[in-house]
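Enquirer:
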Amino acid sequence: MRNSLFIILFSITLFYTEDVHSQITDTLKTDNSSIFLYPYVFYTPETEFALGGGGIIYFTNPLVEKAKPSKFVPYAYYTTNKQILAGVIGEHYLFENTWLISGILEGGKLVKKFYGAGGSTLEIDNSDYSEKYLLWQVAAQKIFNNVLAGLTYQIEYHDVFDLKNNPNLVGKNIVGSKGGFSSGFGFKFSFDTRDNNFYPRSGIFLDWNSTIFTKDLGSDYDYNTQILNLRGYKTIFPLLVLAAQSYIQLAGGHPPFYSLPPMGGEKIMRGYFLGRYRDKKLFALQTELRFPIFWRIKGAAFFGIGDVAGDFESFKLTNLKYSYGGGLRFKLEENEELNLRVDLGFGKNTSGIYFGVEEAF
Numbered sequence: 026m027r028n029s030l031f032i033i034l035f036s037i038t039l040f041y042t043e044d045v046h047s048q049i050t051d052t053l054k055t056d057n058s059s060i061f062l063y064p065y066v067f068y069t070p071e072t073e074f075a076l077g078g079g080g081i082i083y084f085t086n087p088l089v090e091k092a093k094p095s096k097f098v099p100y101a102y103y104t105t106n107k108q109i110l111a112g113v114i115g116e117h118y119l120f121e122n123t124w125l126i127s128g129i130l131e132g133g134k135l136v137k138k139f140y141g142a143g144g145s146t147l148e149i150d151n152s153d154y155s156e157k158y159l160l161w162q163v164a165a166q167k168i169f170n171n172v173l174a175g176l177t178y179q180i181e182y183h184d185v186f187d188l189k190n191n192p193n194l195v196g197k198n199i200v201g202s203k204g205g206f207s208s209g210f211g212f213k214f215s216f217d218t219r220d221n222n223f224y225p226r227s228g229i230f231l232d233w234n235s236t237i238f239t240k241d242l243g244s245d246y247d248y249n250t251q252i253l254n255l256r257g258y259k260t261i262f263p264l265l266v267l268a269a270q271s272y273i274q275l276a277g278g279h280p281p282f283y284s285l286p287p288m289g290g291e292k293i294m295r296g297y298f299l300g301r302y303r304d305k306k307l308f309a310l311q312t313e314l315r316f317p318i319f320w321r322i323k324g325a326a327f328f329g330i331g332d333v334a335g336d337f338e339s340f341k342l343t344n345l346k347y348s349y350g351g352g353l354r355f356k357l358e359e360n361e362e363l364n365l366r367v368d369l370g371f372g373k374n375t376s377g378i379y380f381g382v383e384e385a386f
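Below, the structure written as structure tokens:
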């Protein structure tokens with residue numbers, strides 16, 4: 026029932042998007058910029074019914090030859106159990122494509138879940154806790170042809186105000202169980218040969234982000250994070266694209282429990298609730314086959330394996346998680362490879378529906 030409801034809403038959205046686009050092209054689109062907005066409704070056991078909206082604003086500098094598109098992606102939703110989330114993700118190219126400024130600003134009041142750390146944590150009757158949080162991250166990278174390098178700064182504030190009798194948090198000496206403030210500087214390195222940022226058909230993308238959170242910068246916790254994201258794309262048949270990703274996220278020191286690398290969500294191991302499994306080490310291998318269906322509709326089928334552990338020695342083949350599924354893509358504009366995405370993912374005894382702009386990787 027939930028899946029059918031979502032598919033109906035997605036179909037309505039496709040027609041709505043096309044209708045609005047055709048009616049207000051003159052006011053929302055110019056030769057160098059476009060704005061797309063869309064509503065969405067969804068239901069999950071964690072959020073209950075939710076109503077929200079999203080969009081993407083992208084533009085290029087008309088004075089720069091072969092200018093790369095800058096983009097801003099706003100999103101927000103409100104749920105019937107009084108959760109709220111809002112944010113914006115941005116990438117902006119400056120000085121004739123020689124600098125990239127990117128970042129995210131996000132905040133909300135959410136009911137989240139914590140099952141404990143590790144890849145073998147059990148289902149429990151009450152895994153919930155409530156928090157208010159604010160995240161701001163910004164990166165400035167100098168561009169040297171296909172290489173980008175620069176610095177990052179990140180702050181997070183978490184107010185864990187209701188543990189809801191979660192047995193993994195109540196009465197336990199868990200780092201971060203009372204929330205806190207994190208502040209850290211880092212380094213970001215990227216290598217990018219993709220032929221298109223929105224829907225690549227060839228090339229590779231490597232991104233490494235290292236951040237140190239320290240009390241010297243006002244942080245309540247001393248810890249560090251490393252994220253390595255490697256993607257490859259190849260057209261194996263006309264209009265048939267194979268994408269692959271290797272993703273590693275590490276946390277060292279004494280991170281708060283909510284900063285332990287989480288598995289799941291709309292990008293890494295679709296089908297698992299974000300944070301169902303989390304620990305200091307996370308890895309995932311994913312592949313996706315992308316293909317046309319008709320008109321502006323594309324399809325995708327994906328598969329992945331991954332797991333979390335407290336250290337590298339604790340990873341075991343017998344504990345590997347799997348993820349698989351498929352989805353639809355709707356091309357928002359005829360001359361730009363920008364897609365509205367809906368995916369249905371499955372894991373072991375779990376599933377999830379994901380809705381957004383751009384590909385998962």
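Using the working numbering, read the sequence shown as starting at 26 and increasing by one per residue.
A virtual CB, placed ideally from N, CA and C, is assigned to each residue, including glycine.
Just so you know, these numbers come straight off a predicted model, no measurement behind them.
(1) Could you name each continuous beta strand (DSSP E) segment of 3 residues or more that falls completely within the stretch 239-324, going from the start of the chain to the end?
(2) For the candidate residues Thr-250, Gly-300, Ser-208, whose alpha-carbon lies nearest to that of Gly-278?
(3) Using DSSP bridges, identify the partner residues of Arg-354.
(4) Looking at C-alpha atoms only, which residue of Leu-267, Phe-214, Pro-280 is the closest neighbour of Lys-240?
(5) In chain order, what residues of the same chain have a beta carbon less than 6 Å from the beta carbon of Tyr-349, not counting five sequence neighbours either side?
(6) Below 8 Å on the Cβ atoms is my contact criterion, and I expect Leu-310 with Ile-330 to pass it. Report the Cβ-Cβ distance as a whole number of Å.
(7) Could you have a look at Phe-337 and say whether DSSP puts it in helix, strand or coil?
(8) Are Val-98 and Ile-81 closer than 8 Å when you measure CB to CB?
(9) Would you list the one or two residues that DSSP bridges to Ile-180?
(10) What are the complete beta strand (DSSP E) segments, minimum 3 residues, inside the stretch 74-157?
(11) When we look at the beta-carbon of Lys-197 and count the other beta-carbons within 10 Å, is it buried (16 or more) or exposed?
(12) Starting from Phe-380, trace the beta strand (DSSP E) in both directions and tell me its first and last residue.
(13) Which one or two residues does DSSP pair with Val-185 in a beta bridge?
(14) Could you name the residues that DSSP lists as bridge partners for Val-66?
(15) Helix, strand or coil for Asn-344 per DSSP?
(16) Going by C-alpha distance, which of Phe-308, Leu-76, Gly-204, Arg-219 is nearest Ala-268?
(17) So for Ala-385, helix, strand or coil by DSSP?
(18) Measuring alpha carbon to alpha carbon, tell me which of Phe-308, Gly-257, Arg-366 ends up nearest Tyr-347.
(19) Find out if the Cβ-Cβ distance for the pair Arg-295, Tyr-158 is shorter than 8 Å.
(20) Should Phe-223 and Glu-362 be called a contact, given that it needs their Cβ atoms to be closer than 8 Å?
(21) What does the alpha-carbon distance come out to for the pair Lys-323 and Arg-315?
(22) What is the DSSP secondary structure of Ile-60, counted as helix, strand or coil?
(23) For Glu-194, which three-state DSSP category applies?
(24) Between the Cα of Leu-62 and the Cα atoms of Thr-72, Glu-73, Gly-79, which residue gives the shortest distance?
(25) Just to confirm, are Leu-264 and Leu-231 a CB contact at a threshold of 8 Å?
(26) For Asp-220, name the three-state secondary structure that DSSP assigns.
(27) Going by beta carbon distance, what residues of the same chain come within less than 7 Å of Gly-243, once the five residues before and after it are set aside?
(28) To the nearest angstrom, how far is the alpha carbon of Glu-116 from that of Tyr-140?
(29) Using 8 Å as the threshold, is the C-beta distance between Gly-77 and Tyr-103 below it?
(30) Does the beta-carbon distance from Ser-215 to Gln-162 come in below 8 Å?
(31) Near Asp-6, which residues of its chain fall below 6 Å by C-beta distance, leaving aside the five closest residues on each side in sequence?
(32) Measure the CB-CB distance between Gln-179 and Thr-236 and report whether it falls below 8 Å.
(33) Measure the alpha-carbon distance for Glu-313 versus Gly-352 and round it to whole angstroms.
(34) When you compare each of Arg-354, Tyr-182, Val-136 to Phe-298 by their alpha carbons, which one comes out closest?
Expert: In short:
(1) 248-262, 265-278, 306-319
(2) Counted from its first residue, the sequence shown places residue 278 at position 253. Taking only the C-alpha atoms, the option nearest Gly-278 is Thr-250.
(3) Within the sequence shown, residue 354 is the residue found at index 329, counting from 1. Its beta-bridge partners are Lys-323, Arg-366.
(4) On the sequence shown, residue 240 is found 215 positions in, with the first residue counted as 1. Looking at the Cα atoms, Pro-280 is the closest of the given residues.
(5) Stepping through the sequence shown from its first residue, residue 349 is reached at position 324. Result list for Tyr-349: Phe-328, Phe-371, in chain order.
(6) Counted from its first residue, the sequence shown places residue 310 at position 285. Counted from its first residue, the sequence shown places residue 330 at position 305. So it is a contact: roughly 5 Å between Cβ atoms.
(7) Taking the sequence shown and counting its residues from 1, one reaches residue 337 at position 312. Note: Phe-337 maps to helix in three-state DSSP.
(8) The sequence position of residue 98 within the sequence shown is 73, counting from 1. The sequence position of residue 81 within the sequence shown is 56, counting from 1. Yes.
(9) Position 155 of the sequence shown, counting from 1, holds the residue named residue 180. Trp-161, Ser-208, per the DSSP bridge assignment.
(10) 95-104, 109-119, 124-138
(11) Taking the first residue of the sequence shown as 1, we reach residue 197 at position 172. Lys-197 should be labelled exposed.
(12) Within the sequence shown, the letter at position 355 stands for residue 380. First-last of the beta strand (DSSP E) with Phe-380: 375-382.
(13) Start at 1 with the first residue of the sequence shown, and residue 185 comes out as number 160. Partner(s): Glu-156.
(14) Counting from one through the sequence shown, the residue named residue 66 turns up at place 41. Answer by DSSP bridge pairing, in chain order: Leu-76.
(15) Residue 344 sits at position 319 when you count from the first residue of the sequence shown. DSSP places Asn-344 in helix when its eight states are reduced to three.
(16) Working through the sequence shown from its first residue, we reach residue 268 at position 243. Of the listed residues, the one whose Cα sits closest to Ala-268 is Arg-219.
(17) If you number the sequence shown from 1, residue 385 lands on position 360. Residue state, collapsed to three classes: coil.
(18) Translated into the one-based positions of the sequence shown, residue 347 becomes position 322. Nearest of Phe-308, Gly-257, Arg-366 to Tyr-347, Cα basis: Phe-308.
(19) Counted from its first residue, the sequence shown places residue 295 at position 270. Counted from its first residue, the sequence shown places residue 158 at position 133. No. Outside cutoff.
(20) The sequence position of residue 223 within the sequence shown is 198, counting from 1. The sequence position of residue 362 within the sequence shown is 337, counting from 1. Yes, they are a contact pair.
(21) For the purposes of this step, residue 323 is taken as residue 298 along the sequence shown, with counting starting at 1. For the purposes of this step, residue 315 is taken as residue 290 along the sequence shown, with counting starting at 1. About 7 Å.
(22) Here the question's residue 60 lines up with position 35 in the sequence shown. Three-state DSSP puts Ile-60 in a strand.
(23) Position 169 of the sequence shown, counted from the start, is the residue given in the question as residue 194. Note on residue identity: the sequence assigns Leu, not Glu, to residue 194. DSSP places Leu-194 in coil when its eight states are reduced to three.
(24) Here residue 62 refers to the residue found at position 37 of the sequence shown. Residue Gly-79 is the option with its Cα nearest to Leu-62.
(25) Numbered from its first residue, the sequence shown carries residue 264 at position 239. Numbered from its first residue, the sequence shown carries residue 231 at position 206. No, Cβ-Cβ distance for Leu-264 and Leu-231 is not below 8 Å.
(26) As a first step, residue 220 must be located in the sequence shown, where it is residue number 195. Asp-220: coil per DSSP, three-state reduction.
(27) Counting from one through the sequence shown, the residue named residue 243 turns up at place 218. If we look at Gly-243 and ignore the five residues flanking it on each side, its Cβ neighbours are Phe-206, Ser-208.
(28) Walking along the sequence shown from the start, residue 116 turns up at place 91. Walking along the sequence shown from the start, residue 140 turns up at place 115. Their backbone Cα atoms lie some 34 Å apart in a straight line.
(29) Position 52 of the sequence shown, counting from 1, holds the residue named residue 77. Position 78 of the sequence shown, counting from 1, holds the residue named residue 103. Their beta carbons are under 8 Å apart, which means Gly-77 touches Tyr-103 by this criterion.
(30) Here residue 215 is taken as the residue at index 190 of the sequence shown, counted from 1. Here residue 162 is taken as the residue at index 137 of the sequence shown, counted from 1. Cβ distance not < 8 Å, so Ser-215 and Gln-162 don't count as in contact.
(31) Here the chain comprises residues numbered 26 to 386, so residue 6 is not present and cannot be evaluated.
(32) Working through the sequence shown from its first residue, we reach residue 179 at position 154. Working through the sequence shown from its first residue, we reach residue 236 at position 211. Result yes, Cβ atoms of Gln-179 and Thr-236 sit closer than 8 Å.
(33) For the purposes of this step, residue 313 is identified with residue 288 of the sequence shown, where counting begins at 1. For the purposes of this step, residue 352 is identified with residue 327 of the sequence shown, where counting begins at 1. Rounded to whole angstroms, Glu-313 to Gly-352 spans 10 Å at the Cα level.
(34) Position 273 of the sequence shown holds residue 298. The option with the nearest alpha carbon to Phe-298 is Val-136.
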